[in-house]
Every structure is written in structure tokens, then in C-alpha cells.
Amino acid sequence: FVDVALHLHFFQTCSTIYRWIRVSYICLFIYCFADTSVTHGDILPNFKRNADPCTARGCKWPKSGNHVYVPITISSVYSREEKNIIIRALLTFHESTCIRFMWRRPVISLCMSQVFLLPGPSEGKQRISLSRRGCLYEDTVQHEVLHALGFHHEQVRSDRDKYVYVLTQNIRSGFESNFEKEQTNNLRTPYDFDSIMQYSNKAFSKNGRPTMVARDNPSRLFGRAKTMSQNDIARVNALYCCE
């Protein structure tokens, strides 16, 4: 399935919870599928719930004891090497947060995900799609998993306009919605240009010119993060009350 040592490290980290925790009927399903019905560039719409901010009871992944256990299944379409990339990215959450991914069973064209849990047992799984072409990198996996854990893009934060100018004249027609602000819970953390959730200056540009400019420094380049920032980690820990 994957390299033996990597598989054992991942599986042993979480396998013992089967002895005392009732596994949720909802799992994180990582698969490879082309779906163009996305918002904000890479978020699969969830029409049954406004996921962020999480003010409704039960919209987060449940916590048991000191950890948040997220059952996962990875599609068999991926090669061993591709699965290793995904698992290594998931393990970075184990190292810095109380999120723990576990196998649902002992055994993701676009990069996209849904935000927060699906609302009921009829759905059964929450999807993360990672195309085999262009999405199998640690930063991309982290980005999409953060969506699944409940986080929007940095540039759509409710306080975005204090930090960023959006240059609508440079945005490709039909992509304007990717810059619409959300009513977010910012968890008392600062706007972070180094966040893995921050899009680049020229995201969705129609003419090669910036679509976003930092207010404090118009020359600032951003959206180049290769791993989660300290603020990304702090937000996960704050939202899930990690100790």
C-alpha cells in the first residue's frame, strides 16, 4: 500500500483508538476526481450549511479526550509514491496540532475540498480531491486539509480589506467570486501573508498584473508558502482547543 515504515508509523499513531472510541460514520475521503463546481477556486460547495464561522453546534470534527480523530480513506487510484506524499503531509498535523488522522479501514485536473463536516449520515464522507497532476505536494495537501478542518482562504477573511487591496480590474471574468469576503472567525490571529491559505498576488489574473496588493507594502510578494505557517498551526489549535 505504502512504504512499510511510513505506513506503520501512521497506522500505529492512531490505531489504538479503535479500542475505546466509536468511529464516526463520516470520514475524510481523499480521491482524484475532476469537478468544476467549486467556489473560491478550490472549495467544493456545501449548500446545507454555512461552514465558517463555526457557530452551529457540531460543525467541527469531534474531539475525544485531548485529540481530534479524523478517519480517512485514500483512493486506490494513487500509486504508492503518491500515497506517501499524502500521508507525509497528514503527519505534519500530528506533529504540531491535536488532529490525528486514522484509517477508516486498514487499507485525492483539481485541488479542492469541502469546509467542515457534512451535516448528516446520508452523506457518509467528506471529499478532498487532489489531482495527480499538480496537486500532490505537501503544501497543497495541507491547504486542502485545512479547508476540511474548517478554514477559508486568507484573502477572504472578514477583515481582509484592512490588509489587502483587491484589484478587480485585473481579475478574469467569472472569477470575481473568489475574492468575496466571508464572515470568518479569525480566532484572534493576525492577517498572515505567509499562510498556506493565502493566494498569490496574481491569482486569477487576466493580464499578468496583480489581483491583490498588500496595503502596507505594495511590493510585497505573497502566496508562496510551502508549508503551514505558525499562524495556520495556531488557528487549528485554537479552533479545536488543543492543549
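Quick note, the sequence shown lines up with residues 62 to 304 if you use the numbering used here.
Note that the Cβ used here is the ideal one computed from N, Cα and C, for glycine as well.
Computed from a prediction, not measured in an experiment: that's the story for all the values here.
Interface flag, residue i vs chain B, CB-CB below 8 Å
i	result
Phe-154	This model lacks chain B altogether, as it is built from one protein chain only.
Collapsed DSSP secondary structure at residue i in the structure displayed
i	result
Val-297	helix
Arg-281	coil
Ile-257	coil
Phe-265	coil
Lys-223	helix
Gln-230	helix
Ala-209	helix
Ser-140	coil
His-214	coil
Ser-290	coil
Glu-304	coil
Phe-236	coil
Thr-158	coil
Leu-50	Any property of residue 50 remains undetermined from this structure, which presents the chain solely from 62 to 304.
Thr-201	helix
Asn-145	helix
Supposed close pair residue i, residue j - CB separation, criterion 8 Å
i	j	result
Phe-254	Arg-296	The pair is not a contact, with the Cβ atoms about 15 Å apart (cut-off 8 Å).
Leu-197	Ile-133	Not confirmed; about 16 Å, so no contact.
Arg-218	Tyr-252	6 Å
Ile-160	Ile-91	No, Ile-160 and Ile-91 are not in contact; Cβ-Cβ is about 15 Å, not under 8 Å.
Val-206	Val-274	With a Cβ gap of about 29 Å, Val-206 and Val-274 do not count as contacting.
Glu-237	Thr-229	7 Å
Lys-121	Gly-211	6 Å
Ser-256	Ala-286	6 Å
Glu-215	Met-258	5 Å
Asp-220	Asn-247	6 Å
Ala-209	Gln-187	6 Å
Asn-231	Arg-270	5 Å
Burial state of residue i, where buried means 16 or more other Cβ atoms lie within 10 Å
i	result
Lys-144	buried
Asp-293	buried
Leu-300	buried
Val-138	exposed
Thr-272	buried
Thr-158	buried
Asn-127	exposed
Met-289	buried
Glu-142	exposed
Gly-235	exposed
Arg-165	buried
Asn-239	buried
Ser-190	buried
Gly-284	buried
Asn-278	exposed
Asn-262	buried
Opposing strand residues paired with residue i [DSSP bridges]
i	result
Trp-164	Ile-133
Lys-124	Val-129
Ala-275	Val-225
Should the stretch 193–209 be regarded as contacting the stretch 149–166, the criterion being three or more beta carbon pairs within less than 8 Å? yes
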